[in-house]
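For the record, in the sequence shown the residue sitting at position 98 is 98 according to full-length UniProt numbering, with numbers rising by one throughout. Just so you know, even glycine gets a beta-carbon here, dropped at the ideal spot from N, CA and C.
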Amino acid sequence: MIFILLQVKVFGDVPELLERAAENFLGKSVEEIGDIVKETLQGHQRSVIVNRKLEDIYFDREETAKLVFETAAPDLGRMGICIDSYTIPDVWDGQGHLKAVIANRAERMNEKDAPNKA
């Protein structure tokens, strides 16, 4: 599971994009707007994540976030929504695979450093 922090806003500086946001969201509640943005973003997240290894997502969260941002921004932009920030502060799998990968990587790094300590 990937925990994300996301901040979005309506494009207010560009009249055409503000119109798009009004067309898409006028009359909708904050919750409905949030659900639409969340579902759109989750679809793009899945398309990025399915092509990456779990350990790559964990160890290179910045690259994963960048790819999701680049993939999602055009669609959200067409809806009149701008992504202010998108970060991945935590990744976990709930099954222990990721924990094993992290331990294995740490062990390999310690082995690499061992000859230098002698």
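Pairing Met-79 with His-97, the inter-Cα distance amounts to about 38 Å. Rounded to the nearest whole angstrom, the CA to CA distance from Ile-102 to Glu-16 is 47 Å. For Asp-35, the enclosing alpha helix (DSSP H) stretches over residues 30–49.
Here the region 34–43 lies against the region 64–80, with 3 or more beta-carbon pairs under 8 Å apart.
Secondary structure at Lys-9: strand, using DSSP grouped into helix, strand and coil. For Asp-56, the enclosing alpha helix (DSSP H) has its first and last residue at 54–59. Under the three-state reduction of DSSP, Asp-113 is assigned to helix.
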